[in-house]
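Below is one structure; the comments refer to it alone.
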Amino acid sequence: MKNSLNENKKFDFSKINIDTIVTFCRNNVRYVSAGVLTVILVVVLAVTATNSGKTDGKEATKQEQVADAQDAYEVNKNEELNTLISKYYELCAAGNVDELANVATPVSDMEKSYIQMMSGYVESYNNIDCYTKKGLEENSYLVSATYEMKFNGVEGTVPGMEFFYVRTNENGSLYIDNLYSSFNSEMEEQETDAEVDALIEKFKEASDVKELQADFQNRYTQTITNDANLENMVNTVTEGIKSWAANYVAQQQAAAEQAAAQAAAEQAAAEQAAAEQAAAEQAAAQAAAEQAAAEQAAAQAAAEQAAAAEQAAQQQQENNNGLNYLPEGTTLTANDAYNIRVSMSETSDKVGTTAIGDTIKVILSYEEGWTKVEWNGKTGFIKTDLLLNN
């Protein structure tokens, strides 16, 4: 069995053979319809493969339904089905592919383009009759629809006949399963179900289907033979299909090339953005490394400065010969705020507090650890250790 009915495969337009399309259309131009120049039932692809894993019950059901395909037609017995097919032809004649999706699904972009092209030639479909048999599932139908087609600007009509597979959706409404349209059968854009294909093949072999087909073939031949205007119009439509096929394939190939170029440009842009991002990250890492090196250098400089200060203090201590006093008359510049007291006691009143940069002159150092100084025209006492470390 092929894939699920709703699973579409990507169509490779590079494989479309325009001559094949034109040949198909010319061979079947007598069956002009809303969607395609169909080959009626004869061109429906026959898929006879079966699944050996089916149960006996499933096989029995299938055989019964295949037998139904050989039963006699019911003609215009289902009013809802007739309304559905009539609506389909009305929308196709108008080229209204948007509303068509409510009647037939799925319709590919290529088939939509084809339907819109054909609507430029077709005015209407009249006298529609539906010949039906049971489909594979419950409330599904095999349908041969016959009609009289009216071309724009040409008197008279051309008889035609087309096949449909009609199903019932989950809401209980009928719809055309367009996977089994003549267009998809020829183009093979989308996968179909092998069991349904087998049933359709059996259906087309039924004698009444062949008789109906032969009848419309004879009617078509007589109509075209007796009306040169209609024959010329059919030839015009055939040339129109040839032109459409060539243009459509060219457009799709151009679109594919444009998409590929855009993808390549986007890929190049992405690669460039990635390279720029990597360069920015590398620059940020280098800046961080330089910042760390600068901080390390600053820390080293601070350490060296502290070591120098310590060395200077040691040198000052050495210069004092290890004494705990300062020579009389020594003049110092305060590098901190020192409290100057009235007497040699930390609890005595303050004469004042030095500011950084003030001049302090030593008067005399005492064994008690205090030094009498002159500061801002005043005298008082400062701890000798403070002055030694100044």
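Heads up: the sequence shown is residues 678 to 1067, going by this note's numbering. In this text, a Cβ means the ideal position worked out from N, Cα and C, and glycines have one as well. Just so we're clear, the structure is a prediction, and the values are computed from it rather than from any experiment.
Next item on the list: Please look up how many angstroms separate the CB atoms of residue 819 and residue 812, rounded, as I've assumed it's under 8 angstroms.
Entry: By one-based count along the sequence shown, residue 819 stands at place 142. By one-based count along the sequence shown, residue 812 stands at place 135. Residue 819 to residue 812, Cβ: 6 angstroms. Contact.
Notebook entry, point to check: Between the stretch 760–776 and the stretch 795–809, are three or more C-beta pairs nearer than 8 angstroms?
Noted result: yes
Notebook entry, point to check: Mapping DSSP to helix, strand and coil, what is residue 826?
Noted result: Stepping through the sequence shown from its first residue, residue 826 is reached at position 149. In the structure shown, residue 826 sits in a strand (DSSP, three-state: E or B).
Checklist line | C-alpha distance - residue 907 paired with residue 943, whole-angstrom precision | finding: Locating residue 907 in the sequence shown gives position 230, counting from the first residue. Locating residue 943 in the sequence shown gives position 266, counting from the first residue. Rounded to whole angstroms, residue 907 to residue 943 spans 53 angstroms at the Cα level.
Margin query: Looking only at its chain, what residues have a beta carbon closer than 6 angstroms to the beta carbon of residue 1015, apart from the 5 residues adjacent to it on each side?
Written below: As a first step, residue 1015 is located in the sequence shown; it is residue number 338 there, counting from the start. 1031, 1059, 1063.
Margin query: Residues in the same chain with beta-carbon distance under 8 angstroms from residue 1008, minus the five sequence neighbours each way, listed in chain order, please.
Written below: Counting from 1 along the sequence shown, the entry for residue 1008 is found at position 331. Only 1036, 1037, 1038, 1039 meet the Cβ criterion.
Next item on the list: Assign residue 1043 to one of two classes, buried (16 or more other C-beta atoms within 10 Å of its C-beta) or exposed (fewer than that).
Entry: One-based indexing of the sequence shown puts residue 1043 at position 366. Classification of residue 1043: exposed, given that the 10 Å Cβ count is below 16.
Next item on the list: Report the option in 1021, 1054, 1050, 749 whose CA atom is closest to the CA atom of residue 881.
Entry: Numbered from its first residue, the sequence shown carries residue 881 at position 204. That would be 749, whose Cα lies nearest to the Cα of residue 881.
Next item on the list: Grab the span of the beta strand (DSSP E) containing residue 803 for me, first residue to last.
Entry: Here residue 803 refers to the residue found at position 126 of the sequence shown. From DSSP, the beta strand (DSSP E) with residue 803 extends over 799–811.
Next item on the list: Give every residue of the same chain whose Cβ lies closer than 6 angstroms to the Cβ of residue 1067, excluding the five residues on either side of it in the sequence, and list them in chain order.
Entry: The residue given as residue 1067 occupies position 390 in the sequence shown. Excluding residues within five positions, the ones whose Cβ falls inside 6 angstroms are 1009, 1012.
Next item on the list: Would you check if the stretch 788–796 and the stretch 767–774 touch, i.e. whether three or more CB-CB distances between them fall below 8 angstroms?
Entry: yes
Margin query: Suppose only complete runs of 3+ residues qualify. What are the beta strand (DSSP E) ranges in the stretch 971–1040, listed by chain order?
Written below: 1008–1010, 1016–1018, 1027–1030
Next item on the list: Within 10 angstroms of the Cβ of residue 922, are there 16 or more other Cβ atoms? Answer buried if so, exposed if not.
Entry: Here the question's residue 922 lines up with position 245 in the sequence shown. Buried, because 16 or more other Cβ atoms sit within 10 Å of the Cβ of residue 922.
Check: Is it right to say residue 822 is buried, meaning 16 or more other beta carbons lie within 10 angstroms of its own, or is it exposed?
Finding: Position 145 of the sequence shown, counted from the start, is the residue given in the question as residue 822. Residue 822 comes out buried.
Check: Is the distance from the Cβ of residue 1072 to the Cβ of residue 788 below 8 angstroms?
Finding: There is simply no residue 1072 to check, as the chain begins at 678 and stops at 1067 in what is shown.
Note to self: Buried or exposed, going by whether 16 or more other CB atoms sit within 10 Å of the CB of residue 1061?
What the structure shows: Position 384 of the sequence shown, counting from 1, holds the residue named residue 1061. So residue 1061 ends up on the buried side.
Next item on the list: Ignoring anything shorter than 3 residues or poking outside the stretch 898–957, list the beta strand (DSSP E) runs there in chain order.
Entry: none
Next item on the list: Closer than 7 angstroms by C-beta to residue 1034: which residues in its own chain qualify, once you throw out the five before and the five after it? Chain order, please.
Entry: Working through the sequence shown from its first residue, we reach residue 1034 at position 357. Cβ within range, chain order: 1010, 1011.
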